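Top to bottom, those sequences are chains A and B. First residue of the first sequence? That's 0 in numbering that gives the first Met the number 0, and the numbers climb one at a time after it. First residue of the second sequence? That's 0 in numbering that gives the first Met the number 0, and the numbers climb one at a time after it. We put the CB at the ideal spot given by N, CA and C, even for glycine. On a predicted model such as this, the values are computed, not experimentally measured, just so you know.
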Amino acid sequence: MNFRTTLATAALAAVGALVLSACVPNDSTDAAKIAVSAKDNACVVATATAPAGVITFTVTNDGSKVTEFELMAEDGLRIISELENLGPGITRDLVVRVPQGSYFATCKPGMVGDGVSTAFAVTASESTVAPNADREAQLATASDQYILYVKDQVQTLVAKTAEFVAAYKAGDYDTARGLYADARVHWERIEPVAESFGDLDPKTDAREADVAEGEPWTGWHAIEKDLWPPAEGSGFTDAQRVALADGLTANIGTLSDEVNAGDFTLNASQIGNGAQGLLDEVAASKVTGEEETWSHTDLWDFQANIEGASVAFGVLRDVVNESNPDLVKTLDTRFADLNALLAKYGSIDEGFVLYTTLTPEQVRELSNAVDALSEPLSQLTAAAVS
Amino acid sequence: MSKPSEQPREESPEAPNGPSRRAVLGVAGAVAGAAALGGVGGFAVGRASAENLTLNSYSFRGAHQSGIVTAQQDRLHFAAFDVTSNSRDDLIALLQQWTVAAETLMAGGELGGGAVGGAYQAPPDDTGEALGLPASGLTITFGFGPTLFTAADGTDRFGLASKRPAQLIDLPHFGGDMLDPAFTGGDLCIQACADDPQVAVHAIRNLSRIAFGTAAIRWAQLGFGRTSSTTKAQVTPRNLLGFKDGTRNLHAEDSGDISHFVWADAGDGQSWMAGGSYLVARRIQIRAEIWDRTSLKGQEDSIGRTKGSGAPLSGGNEFTEPDFAREGANGSPLIPTDSHVALSHPDANKGQRMLRRGYNFTDGSDSLGRLDAGLFFLAYVRDPRTQFVPIQNRLSSHDALTLEYLQTTGSALFAVPGGIAAGEYVGEALFA
């Protein structure tokens with residue numbers, strides 16, 4: 000007997016409205032979920048019509064093959080939204096904002112071919128949903144803007160890393176220490192992008208404790224330890240120093256090649272999830288002061304992560320403002336609050352205080368502000384794409 | 000909007016409602032009062048089988064908040080919060096959201112779109128660890144700390160200073176207190192009690208998630224076993240000293256005493272507190288290793304009762320009234336005058352009593368390998384100034400047990416507003 004079932008009652012609709020102010024709005028049009036049975040030879044949708052607004056399809060794969068469910072435009076070609084990789088027996092929800100119009104609900108057993116389609120009509124309602132064409136154009140613009148930002152940051156990163164590496168290789172440690180945090184800012188702003196390219200991120204940004212015994216430790220933080228060594232020294236030989244420096248240059252070069260490749264693209268989901276990933280970085284290692292163990296320049300990374308997330312939010316802003324204006328308002332406030340708090344400790348241009356100078360109370364205050372931003376930010380992707 | 004006084008619930012033992020969460024939601028609290036009078040059902044044998052206990056659910060709404068005279072559950076997750084926003088509107092919105100969420104959680108439901116029912120690209124609204132678990136007798140009780148009304152620096156952040164009850168004092172320093180700021184104070188508190196610890200933890204976790212941006216947990220305490228009985232049907236449990244605790248506790252059935260000692264009245268000074276109470280929370284560490292090296296005679300003399308049956312040392316059984324005048328062969332009282340019973344008995348405290356609702360806790364061991372454990376003391380009183388403070392002052396200066404074996408490391412006082420009527424949010428009268 001399953002006691003803890005979702006209760007689709009009026010009472011819980013009220014819960015949604017109150018508790019989930021940062022979610023897809025629970026207007027009256029999404030009260031019911033539409034069951035879809037995806038069979039090997041049929042796509043059975045419980046109802047053939049629904050009012051415009053947020054529609055939730057609860058899709059169950061009742062067939063024997065891995066399947067896909069798509070809501071297609073009237074032309075049968077354009078995909079409004081889709082669920083992929085649904086194994087036999089699995090049930091999953093597709094939440095999608097749909098304007099009035101004629102559509103096809105399509106199941107694709109085996110995930111190839113045209114699949115089996117059934118007509119689905121969306122009727123007029125009080126809910127205002129932008130026409131899909133506008134929304135797609137907005138998302139495309141968001142993607143273009145963010146890719147430009149990434150390329151710009153990587154370009155600066157390449158230049159500043161070269162400067163930093165040159166000073167380090169020349170043995171000018173004072174200069175290298177002065178360049179370290181500022182160069183890393185451009186990495187930290189777009190770190191989730193770097194994470195998408197295989198092991199580029201661990202090779203470039205692993206902390207000593209991240210590396211298993213016997214595995215090589217490379218990247219920023221190895222050089223950081225050498226620049227701010229513990230009393231017993233960093234233990235690197237000159238040959239290792241050259242390898243660290245050249246390795247960092249090579250890996251940043253690879254990042255640059257990847258983001259400038261012709262097939263490099265980022266969709267709204269990746270941008271939204273990247274913003275959340277940046278805040279997760281802050282919560283996991285910056286706010287604890289664990290990122291910059293030797294230099295204690297965590298606040299530069301902290302600010303850069305927030306700025307990167309803010310840019311990602313900024314490019315998705317127009318889209319989200321239509322689906323969830325309250326979320327936009329909340330995020331505006333929370334970003335401003337956190338930035339104001341960080342400004343008490345410096346800026347990227349002027350430099351920050353070292354993380355070790357913060358009191359436990361100040362760290363707690365920063366942590367609270369990060370939580371306050373992260374929780375609504377975790378709704379960004381869904382608000383942008385559904 | 001109906002007022003709390005129009006609700007049918009009495010301060011009688013809150014018996015569990017039926018086993019089905021759906022049914023509970025269906026009645027929406029309307030018949031909760033009638034059900035509450037129906038008997039104590041599954042709680043009749045105290046720590047009964049899990050099947051009996053865990054199917055229970057209580058109504059969130061009523062004349063008083065749940066989790067006070069409710070038959071005390073076995074598990075606790077308690078959390079104190081700092082309000083991180085300075086906005087009165089944010090605070091009200093949080094209390095509204097907590098009200099809706101608490102009612103859902105107590106009915107055993109999932110929050111918002113559920114643990115798996117929302118958009119695939121969004122994090123689920125409910126964290127999900129209570130999926131498949133029944134309501135487990137969950138109660139969620141909210142309180143307001145002194146600093147909500149007047150911040151530590153004296154500012155009136157939310158325009159509530161004039162509403163601060165005289166009873167909601169800044170607790171004085173008691174002799175022997177070694178308070179850790181990490182376990183002291185708080186603007187808000189939530190007491191989540193259940194028969195399944197996972198259900199209590201799920202409640203605090205999700206309520207604190209809702210609070211991000213408005214309030215943040217300041218400190219929290221888990222309790223793994225009750226140290227009091229709040230109904231006569233419950234067996235007296237033992238604390239980590241190994242003694243029965245709460246033998247003479249106030250019980251829900253003593254409705255006259257409950258009204259007199261527990262429930263605030265509109266005439267007590269602040270009308271918004273009508274039907275509410277004041278919650279004293281104290282994290283009392285036991286020096287377990289030292290206590291364990293104490294002779295049985297030494298232990299019983301410290302408490303004033305036998306360790307086995309819990310009878311007073313003056314004789315009889317657990318529920319026999321202690322006879323503080325009865326002397327032994329050497330002419331000294333059988334119940335030592337510095338024993339816990341002698342000092343805390345109502346006869347020694349102008350007849351004052353408290354509704355205790357404490358829990359055994361352990362947070363593992365300290366760096367020296369000593370048990371980090373004790374009693375998380377929770378007590379509901381109508382006026383801490385005349386009930387808790389004088390008794391604690393006596394104990395902290397004379398009580399052999401307190402002086403030698405106990406150390407209080409955390410302390411807080413909260414005003415627990417009255418029950419929540421249909422359509423209301425918790426503490427609504429405070430913001431009227």
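In the DSSP assignment, the alpha helix (DSSP H) including residue i goes from what residue to what residue?
| i | result |
| --- | --- |
| residue 179 of chain A | 172 to 187 |
| residue 263 of chain A | Residue 263 of chain A -> no alpha helix (DSSP H), and no H or E assigned at all. |
| residue 415 of chain B | Note, residue 415 of chain B: premise wrong, no alpha helix (DSSP H); beta strand (DSSP E) at 405 to 415. |
| residue 241 of chain A | 237 to 259 |
| residue 203 of chain A | 199 to 204 |
| residue 389 of chain B | 387 to 397 |
Since residue i meets chain B, which of its residues come closer than 9 angstroms, beta carbon to beta carbon?
| i | result |
| --- | --- |
| residue 371 of chain A | 83, 84, 211, 212, 213 and 215 |
| residue 384 of chain A | 118 and 120 |
| residue 268 of chain A | 120 |
| residue 409 of chain A | Because chain A spans 0 through 385 in this model, residue 409 of chain A falls outside it and cannot be assessed. |
Give me whichever residues DSSP pairs with residue i in a beta bridge.
| i | result |
| --- | --- |
| residue 100 of chain A | A:121 |
| residue 116 of chain A | A:105 |
| residue 71 of chain A | A:78 and A:103 |
| residue 92 of chain A | A:57 |
| residue 374 of chain B | B:283 and B:359 |
| residue 43 of chain A | A:36 |
| residue 187 of chain B | B:80 and B:143 |
| residue 243 of chain B | B:237 |
| residue 277 of chain B | B:380 and B:414 |
Figure out for me which residue from the options has the closest Cα to the Cα of residue i.
| i | options | result |
| --- | --- | --- |
| residue 230 of chain B | B:66, B:154, B:92 and B:298 | B:66 |
| residue 239 of chain B | B:202, B:223 and B:250 | B:223 |
| residue 199 of chain B | B:264, B:424, B:77 and B:359 | B:77 |
| residue 393 of chain B | B:346, B:419 and B:273 | B:346 |
| residue 171 of chain B | B:329, B:279 and B:211 | B:279 |
| residue 352 of chain B | B:376, B:382 and B:173 | B:382 |
| residue 340 of chain B | B:256, B:356, B:299 and B:290 | B:299 |
| residue 189 of chain B | B:152, B:80 and B:111 | B:80 |
| residue 52 of chain A | A:128, A:73 and A:318 | A:128 |
| residue 65 of chain A | A:106, A:45, A:312 and A:203 | A:106 |
| residue 81 of chain A | A:70, A:87, A:91 and A:74 | A:70 |
| residue 187 of chain A | A:342, A:309 and A:121 | A:309 |
| residue 34 of chain A | A:349, A:59, A:85 and A:76 | A:59 |
| residue 261 of chain A | A:150, A:367 and A:234 | A:150 |
| residue 180 of chain B | A:197, A:374 and A:360 | A:360 |
| residue 321 of chain B | B:306, B:197, B:307 and B:344 | B:344 |
| residue 311 of chain A | A:189, A:167 and A:32 | A:189 |
| residue 37 of chain A | A:238, A:273 and A:83 | A:83 |
| residue 54 of chain A | A:94, A:143 and A:77 | A:94 |
Residues of chain B with CB under 7 angstroms from residue i, in chain order?
| i | result |
| --- | --- |
| residue 381 of chain A | 118, 120 and 121 |
| residue 377 of chain A | 122 |
| residue 91 of chain A | 119 |
| residue 134 of chain A | Simply none; closest approach about 15 angstroms. |
| residue 333 of chain A | 212 |
| residue 319 of chain A | None at all; the shortest Cβ gap to chain B is about 12 angstroms. |
List the residues of chain A that residue i touches, going by C-beta distances under 8 angstroms, in chain order.
| i | result |
| --- | --- |
| residue 208 of chain B | 374 |
Could you spell out the range, first to last residue, of the beta strand (DSSP E) harbouring residue i?
| i | result |
| --- | --- |
| residue 218 of chain B | 214 to 222 |
| residue 81 of chain B | 74 to 82 |
| residue 142 of chain B | 138 to 143 |
| residue 266 of chain B | Run containing residue 266 of chain B: none; DSSP gives neither H nor E here. |
| residue 70 of chain B | Premise fails: residue 70 of chain B is in no beta strand (DSSP E) and is neither H nor E. |
| residue 49 of chain A | 48 to 50 |
Is the Cβ of residue i closer than 7 angstroms to any Cβ of chain C?
| i | result |
| --- | --- |
| residue 367 of chain A | As a matter of chain content, chain C is missing from the structure shown, whose protein chains are A and B. |
Nearer than 6 angstroms: is that true of the beta carbon of residue i relative to any heavy atom of the ligand MG?
| i | result |
| --- | --- |
| residue 420 of chain B | The ligand content of the structure shown is nil, which means the ligand MG is not present either. |
Applying a beta-carbon distance threshold of less than 8 angstroms, which residues of chain B neighbour residue i?
| i | result |
| --- | --- |
| residue 35 of chain A | Those within 8 angstroms of residue 35 of chain A in chain B number zero; the least Cβ separation is about 14 angstroms. |
| residue 184 of chain A | Neighbours of residue 184 of chain A on chain B: none; closest Cβ ~26 angstroms, over 8 angstroms. |
| residue 258 of chain A | By Cβ distance, chain B contributes nothing, its closest Cβ being about 24 angstroms from residue 258 of chain A, past 8 angstroms. |
State whether the stretch 217 to 231 of chain A contacts the stretch 176 to 184 of chain A, with contact taken as three or more CB pairs (one from each stretch) at a distance under 8 angstroms.
yes
For the stretch 376 to 383 of chain A against the stretch 117 to 129 of chain B, do three or more pairs of beta-carbon atoms, one drawn from each stretch, fall closer than 8 angstroms, so that the two count as touching?
yes
Do three or more CB pairs link the stretch 311 to 328 of chain B to the stretch 232 to 248 of chain B at distances below 8 angstroms?
yes
Does the stretch 204 to 220 of chain A come within contact of the stretch 283 to 297 of chain A, defined as at least 3 CB pairs closer than 8 angstroms?
yes
When you compare the stretch 161 to 175 of chain B with the stretch 397 to 411 of chain B, are there three or more beta-carbon pairs, one atom per stretch, that lie closer than 8 angstroms?
yes
With three or more C-beta pairs closer than 8 angstroms as the rule, is the stretch 297 to 305 of chain A touching the stretch 341 to 353 of chain A?
yes
Whether or not the stretch 322 to 341 of chain A and the stretch 366 to 373 of chain A are in contact is what I'm after, with contact meaning three or more pairs of Cβ atoms, one per stretch, closer than 8 angstroms; do they touch?
yes
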